[in-house]
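In terms of our numbering, the sequence shown has 98 at position 28, counting the first letter as 1, and numbering is strictly consecutive. From the three backbone atoms N, C-alpha and C, an ideal C-beta is built for every residue, glycine too. Notes follow once the structure below has been shown.
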Amino acid sequence: MFERNARAIAFYMKSGFAAAGSTTFPVGEDLQTDIVMEIALAETIEEERTR
């Protein structure tokens, strides 16, 4: 997601995601940086089972 999208970053982090890195790419004349988020699915699935 776009690195300046604080609301999206907060949502994903609250949902258990963590920043895994970033990627930069051109959009027209500008370079944009996106944050790559990840979540451990095995842990998430196990948490759902125990609810």
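Alpha carbon of Ala112 to alpha carbon of Arg119, nearest angstrom:
Rounded to whole angstroms, Ala112 to Arg119 spans 11 Å at the Cα level.
Just to confirm, is the Cβ distance from Ala140 to Met71 under 8 Å?
Nothing can be reported for residue 140, as the shown portion of the chain is limited to 71 through 121.
Give me the residue from Ile105, Glu117 and Val97 with the minimum Cα distance to Ala76.
Among Ile105, Glu117 and Val97, the Cα nearest to that of Ala76 belongs to Ile105.
What residue range is occupied by the uninterrupted beta strand (DSSP E) comprising Ile105?
For Ile105, the enclosing beta strand (DSSP E) stretches over residues Asp100 to Glu108.
Close Cβ partners of Gly91 (< 6 Å) along its chain, the five nearest in sequence each way excluded
Excluding sequence neighbours, Gly91 sits near Val106.
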